[in-house]
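*Asks:* Sending over a structure as structure tokens; questions will come in a sec.
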């Protein structure tokens, strides 16, 4: 039992140190409690306000992120719309150019056909003219030959009649 008494044995100096500690805590709490409490309260308020500011900034960032995503989607949609519109315009322009080329081709074909017909008519007219001239020349030659022969025959006949 003596050993159990030694374990619980409290020294007088230890009791004085405990009393000293309690007095110091009481003295500090009376002297500095309001100041320390105020500092702690100010820090708590500052920390809470900073946390609130951080939360607000976080919310703003989230909103900005959502807005940016919406803008990104909208810009992609607009870009696609612009591409589709450009493709349609290109197709329309292509069709317009093709129809214009076809129209020009038809016009050129008609003009070429008209020119060919005109040239054919001119060639036909020239050929008829040439054939007519040749016929006239041939007729002249034939007539000349006939006249020369008839004149010779008439002159010979006349000479024969005179000589008789």
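Numbering (my numbering), first residue to last: 1422 to 1585.
Don't be surprised by glycine CBs; every beta carbon is placed ideally from N, CA and C.
Computed from a prediction, not measured in an experiment: that's the story for all the values here.
1. Quick check: is the beta carbon of residue 1530 nearer than 8 Å to any beta carbon in chain C?
2. Using the three-state DSSP reduction, which class does residue 1512 fall into: helix, strand or coil?
3. Determine the DSSP secondary structure at residue 1432, reduced to helix, strand or coil.
*Replies:* So, from the listed chains and residues:
1. No chain C appears in the structure shown, which is made up of a single protein chain.
2. By 1-based counting over the chain shown, the position of residue 1512 is 91. Helix, per DSSP.
3. As a first step, residue 1432 is located in the chain shown; it is residue number 11 there, counting from the start. Looking at residue 1432 - three-state DSSP - the assignment turns out to be coil, as it is neither helix nor strand.
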